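S.K.: Note that this note's numbering has the sequence shown beginning at 865, numbered continuously upward.
Glycine included, every Cβ here is placed at the ideal spot set by N, Cα and C.
As the structure is a prediction and not an experimental result, all values here were calculated from the model.
Take a look at this one; I'll ask things after.
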Amino acid sequence: MSVLFKKSFKIVAALTLLIAGQSLAVSAPSVSAKNVAVDNTAKQTYTLNFVDADINALINAVSRITGINFIIDPRVKGKVTIISNKEMPSEDVYQVFLSVLKVHGFAAVVGANVTKIVPEVNAKQDAIPFMNKRFYNGGDAFVTRVIEVRYIDAAQLVPILRPLVPQRGHLAAYPASNVLVISDSAANIMRLEKIIRRIDQATSDEVEVIPLEHATATEVVRIMQQLASLNPKQKKSINVIADDRTNSVLLGGPRASRVRTRALISHLDTPLEFSGNTHVIYLRNAVAKDMVPVLTGVSKSILTVGKGKKTATSSVGGIVIEAHESTNSLVISAPANVVRSLKTVIQRLDIRRAQVLVEAVIAEVSEESTRELGVQWAGGGSNSRQPVGLINFDNGYSAANLLLDTPPVASGLSLGVGDFIGTSRIGALIRALSADVGTNILSTPSLVTIDNKEAEIVVGQNVPFITGAFSGPGGGGANPTNPFTTIQRQDVGLTLKIKPQINEGNSIKLDVQQEVSSLSPSTVGADLITNKRSIKTTVMVEDGGIVVLGGLIEETLREDEQRVPVLGDIPILGLLFRYNKTTKVKTNLMVFIHPQIMKDAAMLKSLTNDKYNFIRAKQLAIRERGVKLMADDESPLLPEFKEFLTLPPAYDESTEAGTQILMPPVISGDVATTTDNAIRLPPSVAAKKAPRAVKGKEVGLTEVVPPTLNESSE
865 MSVLFKKSFK
875 IVAALTLLIA
885 GQSLAVSAPS
895 VSAKNVAVDN
905 TAKQTYTLNF
915 VDADINALIN
925 AVSRITGINF
935 IIDPRVKGKV
945 TIISNKEMPS
955 EDVYQVFLSV
965 LKVHGFAAVV
975 GANVTKIVPE
985 VNAKQDAIPF
995 MNKRFYNGGD
1005 AFVTRVIEVR
1015 YIDAAQLVPI
1025 LRPLVPQRGH
1035 LAAYPASNVL
1045 VISDSAANIM
1055 RLEKIIRRID
1065 QATSDEVEVI
1075 PLEHATATEV
1085 VRIMQQLASL
1095 NPKQKKSINV
1105 IADDRTNSVL
1115 LGGPRASRVR
1125 TRALISHLDT
1135 PLEFSGNTHV
1145 IYLRNAVAKD
1155 MVPVLTGVSK
1165 SILTVGKGKK
1175 TATSSVGGIV
1185 IEAHESTNSL
1195 VISAPANVVR
1205 SLKTVIQRLD
1215 IRRAQVLVEA
1225 VIAEVSEEST
1235 RELGVQWAGG
1245 GSNSRQPVGL
1255 INFDNGYSAA
1265 NLLLDTPPVA
1275 SGLSLGVGDF
1285 IGTSRIGALI
1295 RALSADVGTN
1305 ILSTPSLVTI
1315 DNKEAEIVVG
1325 QNVPFITGAF
1335 SGPGGGGANP
1345 TNPFTTIQRQ
1355 DVGLTLKIKP
1365 QINEGNSIKL
1375 DVQQEVSSLS
1385 PSTVGADLIT
1395 NKRSIKTTVM
1405 VEDGGIVVLG
1415 GLIEETLRED
1425 EQRVPVLGDI
1435 PILGLLFRYN
1445 KTTKVKTNLM
1455 VFIHPQIMKD
1465 AAMLKSLTND
1475 KYNFIRAKQL
1485 AIRERGVKLM
1495 ADDESPLLPE
1505 FKEFLTLPPA
1515 YDESTEAGTQ
1525 ILMPPVISGD
1535 VATTTDNAIR
1545 LPPSVAAKKA
1555 PRAVKGKEVG
1565 LTEVVPPTLN
1575 ESSE
């Protein structure tokens, strides 16, 4: 039956070709030249009719018509059938040929001089040509196209277009340049490009900026959000954002929604009946009264009271700025635009400032050597205490004391000889002294303060110094009436005063004033002598660095010689009429400074923990040695640092009767106070946490915990 059908079909095809006057008939797998008919008109046209012909025969026929050279992959095999009753030019013949290849799973890869016929699954791995103008009419040529995506992300199009690209094709996105790379038939690529252009369009959700003149951007946005929350089921179609810096509202969404929102904002942005409004701003770090002069200058309004002193209130031109010190807040009454500007300034100034730890090192090493040798003479009558003959040198000890019954004892070796029995008194004082004094002082004061805030620490004594005395004449007697002495007290010891300023780059500018003073063993007249070491300077130090502020390296040699004229010049014998003293002093003094920025609470806590444990270790060492002559007593000891971070017992437990535990000092602000109220624990808790005191042992330290910072501030 199939054979009869084939024969009938061949007869019909032959008749059709004869009627058309030009034909290309192939009735068998093999094709010969005589089977091809070409019309010799101005433009040649062709008709193709293949029935169950070998695909190689079709390739051969197309090569003869188009003049294209083909290279056929060995895997290209099969039978093809083409029925064509309409004449077509050679260009269309080639497109029909490409369609036949595609239907049978093959593709034509165009090269420089030849076209390769390969299976479609391997075509994308070959040198596929880029799609150019000759492929814009479509067709089934296997090409590659790079499509630029302008408005949306190219990667978002990949899952949309992937089902439209056959398995033999290729589709990928390159995010760097936001393009799509497609390898497929030219016709399919043109179809995909049309789809991409329909999707890749500028959205109507543009952004619009609306500046406000009277209303506040934050308040307007809050009202708009409240309106949107009234109908939560409605799809959100517009975005409203406030820009406090420019007092503007940013709208983003469809044009219709933006028009409605713009009209509502215009209604809200209307002037009030009164030009001013009042705001209360609570400060977290800055001091309210210190902010008033700054804000007054910004608002161009300064109030001068009395002698020109600025107060905590400023009012000019309807603008009022007042500080409420109790709550550390600012009360500002001004137009909306002025309030916005002042809020911006306050926001930038009211910040938590860093703290600085400053450690100073004062090291002083000095040596003093003294040598003295001399002889002093004195003589006088028996009936008088006053000497009639005296050789006295300025060495701090008078030879006249030799004539006293109980002369004072001088330093060093003092040997007195003479006759004190007869009617006359005569004596000689021989003094020899050798003294060596060494001093090694190391002081390391430390201080923590806020950035750009002066701090001071004083460790020493407050010593009185005589500044004047009065003794008036007596009222008829020899004794004066109402004598008095005026004194002035001064600090003697160690003083460190600093003012750090943190600059950009973690460098610290330090204003330092450091002084070390002490009382001298010697006195002048009736008053005291102080030794003073002082330095005042401004330096720039890096965070964590160390710098020397200054110092003194001094070496002094002093030789004193006192003699009696003529007698002191006699060889050998003149030694009895001379006094020699030699003093040599070496002083080495250096002052160093080491600042460190406490950038956060963790650094400050770590520093406090180290210093706390250092002092506690010293107390533990003293406790281990015990208290002399008091075996039952113990030296004071700080509790462990972690116990200060533990919360106290609950209030309901402390209401029951039990062991009383005294709380440590409560720190509130800058003053440390103690509480007289003892916490009462229930007997069960007291038995576990507060055992009875045992002599010689540490008891109850785990319960000594202060309140938290929140409790201490109330």
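#1: How many angstroms separate the CA atom of L1306 from the CA atom of M1454?
#2: Under the three-state reduction of DSSP, which class applies to V1252: helix, strand or coil?
#3: What's the C-alpha gap between P1500 and N1473?
#4: What residues match up with Q1219 in a beta bridge as DSSP calls it?
#5: Hey, L1358 and V1323 are a contact pair by Cβ (cut 8 Å); roughly how many whole angstroms apart?
#6: Under 8 Å, do S1310 and E1223 count as touching if we go by C-beta distance?
#7: Using only the alpha-carbon positions, how far apart do I1183 and T1160 sit?
#8: Which word fits G1533, buried or exposed, when buried means at least 16 other C-beta atoms lie within 10 angstroms of its C-beta?
#9: Where does S1093 fall in DSSP's three states?
#10: In its own chain, which residues sit with a C-beta less than 8 Å from the C-beta of T1208, not counting the 5 before and 5 after it?
#11: Rounded to a whole number of angstroms, what is the C-alpha to C-alpha distance between D1464 and K1506?
#12: Compare the Cα-Cα distances from I1102 to each of N920, T979 and S1121 and report the closest residue.
#13: Compute the minimum distance between the beta carbon of I1046 and the heavy atoms of the ligand NAD, and state whether it is under 7 Å.
#14: Where L927 and Q959 are concerned, what is the direct C-alpha to C-alpha distance, given to the nearest angstrom?
#15: What is the DSSP secondary structure of T1125, reduced to helix, strand or coil?
#16: Could you tell me which of H1143, I1053, N1346 and R1204 sits nearest to V1195, measuring between CA atoms?
#17: Would you list, in sequence order, the uninterrupted alpha helix (DSSP H) runs of no fewer than 4 residues that lie entirely inside the stretch 1420-1463?
#18: Quick one: which unbroken alpha helix (DSSP H) runs of 4-plus residues sit fully inside the stretch 893-974? Chain order, please.
#19: Just to confirm, are V1104 and V1085 a CB contact at a threshold of 8 Å?
#20: If you draw a straight line from the C-alpha of V973 to the C-alpha of V1007, how long is it?
#21: Classify K966 as buried or exposed, calling it buried when 16 or more other Cβ atoms lie within 10 Å of its own Cβ.
#22: State whether the stretch 1427-1441 contacts the stretch 1394-1410, with contact taken as three or more CB pairs (one from each stretch) at a distance under 8 Å.
#23: By a C-beta neighbour count over all protein chains shown, 10 Å radius and 16 as the cutoff for buried, is A877 buried or exposed?
#24: If you draw a straight line from the alpha carbon of T1446 to that of Q1352, how long is it in whole angstroms?
#25: Is P1347 helix, strand or coil by DSSP?
#26: Given a cut-off of 8 Å, decide if L1502 and R1480 are closer than it, judged by their beta-carbon atoms.
#27: Runs of 3 residues minimum, wholly inside the stretch 999-1064: which ones carry the beta strand (DSSP E) assignment?
#28: What does the alpha-carbon distance come out to for the pair L1334 and L1221?
#29: Can you say whether D1048 is buried or exposed, counting buried as having 16 or more other CB atoms within 10 angstroms of its CB?
#30: Give a yes or no on whether 8 Å exceeds the smallest Cβ distance from T1080 to chain B.
#31: Going by C-alpha to C-alpha distance, which of N949, S1230, T1394 and S1197 sits closest to E1419?
#32: Find out if the Cβ-Cβ distance for the pair D1214, L1147 is shorter than 8 Å.
#33: Taking 6 Å as the limit between beta carbons, can you name the residues of its chain near S954, skipping five residues before and five after?
#34: Please look up how many angstroms separate the CB atoms of K943 and I919, rounded, as I've assumed it's under 8 Å.
#35: Assuming N1326 contacts I1461 under a Cβ cut-off of 8 Å, what Cβ separation, rounded to an integer in Å, is found between them?
#36: Mark L962 as exposed unless 16 or more other C-beta atoms lie within 10 angstroms of its C-beta, in which case mark it buried.
M.R.: Answer, in terms of the structure:
#1: Counted from its first residue, the sequence shown places residue 1306 at position 442. Counted from its first residue, the sequence shown places residue 1454 at position 590. Going by the C-alpha atoms only, they are around 10 Å apart.
#2: The count along the sequence shown starts at 1 and reaches residue 1252 at position 388. Reliability fails at V1252, whose pLDDT of 48 lies under 50, so the model's placement of it is uncertain and the value that follows must be treated cautiously. In the structure shown, V1252 adopts coil according to DSSP, grouped into three states.
#3: Position 636 of the sequence shown, counted from the start, is the residue given in the question as residue 1500. Position 609 of the sequence shown, counted from the start, is the residue given in the question as residue 1473. The alpha-carbon separation between P1500 and N1473 amounts to approximately 19 Å.
#4: Translated into positions along the sequence shown, residue 1219 becomes position 355. The bridge partners DSSP lists for Q1219 are I1314 and M1462.
#5: Residue numbering aside, residue 1358 sits at position 494 when the sequence shown is read from its first letter. Residue numbering aside, residue 1323 sits at position 459 when the sequence shown is read from its first letter. Here L1358 really is in contact with V1323; their C-beta atoms are around 5 Å apart, less than 8 Å.
#6: The residue you call residue 1310 lines up with position 446 of the sequence shown. The residue you call residue 1223 lines up with position 359 of the sequence shown. Annotated as proximal: S1310 and E1223, with beta-carbon spacing under 8 Å.
#7: Here residue 1183 refers to the residue found at position 319 when the sequence shown is read from its first residue. Here residue 1160 refers to the residue found at position 296 when the sequence shown is read from its first residue. Computed Cα separation, rounded: 9 Å.
#8: By one-based count along the sequence shown, residue 1533 stands at place 669. Low per-residue confidence applies at G1533: pLDDT is 37, beneath 50, and the placement is therefore not dependable enough to give any value.
#9: Your numbering for residue 1093 matches position 229 in the sequence shown. Looking at S1093 - three-state DSSP - the assignment turns out to be helix.
#10: Taking the first residue of the sequence shown as position 1, residue 1208 is located at position 344. The answer, listed in chain order, is D1108 and R1109.
#11: What you label residue 1464 is simply residue 600 of the sequence shown in a count that begins at 1. What you label residue 1506 is simply residue 642 of the sequence shown in a count that begins at 1. Computed Cα separation, rounded: 19 Å.
#12: Looking up residue 1102 in the sequence shown gives position 238. Ranking the options by Cα distance to I1102, first place goes to S1121.
#13: No copy of the ligand NAD occurs in the structure displayed, which carries no ligand at all.
#14: Mapped onto the sequence shown, residue 927 falls at position 63. Mapped onto the sequence shown, residue 959 falls at position 95. One detail in the question is off: residue 927 reads as Ser in this sequence, not Leu. For S927 and Q959, the distance between alpha carbons rounds to 13 Å.
#15: For the purposes of this step, residue 1125 is identified with residue 261 of the sequence shown, where counting begins at 1. In the three-state reduction of the DSSP assignment, T1125 falls in the helix class, which pools H, G and I.
#16: Start at 1 with the first residue of the sequence shown, and residue 1195 comes out as number 331. If we check each option's Cα against that of V1195, H1143 comes out closest.
#17: The DSSP assignment places no complete run of the alpha helix (DSSP H) inside the stretch 1420-1463 (cut-off: 4 residues).
#18: Runs of the alpha helix (DSSP H) lying entirely within the stretch 893-974, each at least 4 residues long, are 919-930 and 954-967 in chain order.
#19: Indexing the sequence shown from 1 puts residue 1104 at position 240. Indexing the sequence shown from 1 puts residue 1085 at position 221. Yes, the Cβ-Cβ distance between V1104 and V1085 is below 8 Å.
#20: The sequence position of residue 973 within the sequence shown is 109, counting from 1. The sequence position of residue 1007 within the sequence shown is 143, counting from 1. Approximately 8 Å between the Cα atoms of the pair.
#21: Along the sequence shown, one-based indexing puts residue 966 at 102. That one is buried.
#22: At 8 Å Cβ cutoff, the stretches do not touch.
#23: Your numbering for residue 877 matches position 13 in the sequence shown. Reliability fails at A877, whose pLDDT of 43 lies under 50, so the model's placement of it is uncertain and the value that follows must be treated cautiously. Around the beta carbon of A877, a 10 Å sphere encloses 16 or more other beta carbons of the protein chains shown; the residue is thus reported as buried.
#24: On the sequence shown, residue 1446 is found 582 positions in, with the first residue counted as 1. On the sequence shown, residue 1352 is found 488 positions in, with the first residue counted as 1. Between T1446 and Q1352, the alpha-carbon positions lie close to 36 Å from each other.
#25: Locating residue 1347 in the sequence shown gives position 483, counting from the first residue. Coil, per DSSP.
#26: Numbered from 1 along the sequence shown, position 616 holds the residue referred to as residue 1480. Numbered from 1 along the sequence shown, position 638 holds the residue referred to as residue 1502. Between R1480 and L1502, the C-beta spacing is below 8 Å.
#27: Complete beta strand (DSSP E) runs here, min 3: 1006-1012, 1034-1038 and 1043-1049.
#28: Reading the sequence shown from its first residue, position 470 is the one you call residue 1334. Reading the sequence shown from its first residue, position 357 is the one you call residue 1221. Here residue 1334 turns out to be Phe, not Leu, going by the sequence shown. F1334 and L1221 have their C-alpha atoms roughly 49 Å apart.
#29: Numbered from 1 along the sequence shown, position 184 holds the residue referred to as residue 1048. The residue is buried, with at least 16 neighbouring Cβ atoms inside 10 Å.
#30: In the displayed structure, chain B is absent; only one protein chain is listed.
#31: Translated into the one-based positions of the sequence shown, residue 1419 becomes position 555. Comparing alpha-carbon positions, the option among N949, S1230, T1394 and S1197 lying closest to E1419 turns out to be S1230.
#32: Sequence index remark: in the sequence shown, residue 1214 carries index 350 (1-based). Sequence index remark: in the sequence shown, residue 1147 carries index 283 (1-based). Cβ distance < 8 Å, so D1214 and L1147 count as in contact.
#33: Residue 954 sits at position 90 when you count from the first residue of the sequence shown. Excluding its 5 nearest sequence neighbours in each direction, S954 has C-beta neighbours in its own chain below 6 Å: I929 and T930, listed in chain order.
#34: Counted from its first residue, the sequence shown places residue 943 at position 79. Counted from its first residue, the sequence shown places residue 919 at position 55. Confirmed, about 7 Å.
#35: As a working note, residue 1326 is residue 462 in the sequence shown. As a working note, residue 1461 is residue 597 in the sequence shown. Going by Cβ atoms, the distance from N1326 to I1461 rounds to 34 Å, so no, they are not a contact pair.
#36: Walking along the sequence shown from the start, residue 962 turns up at place 98. So L962 ends up on the buried side.
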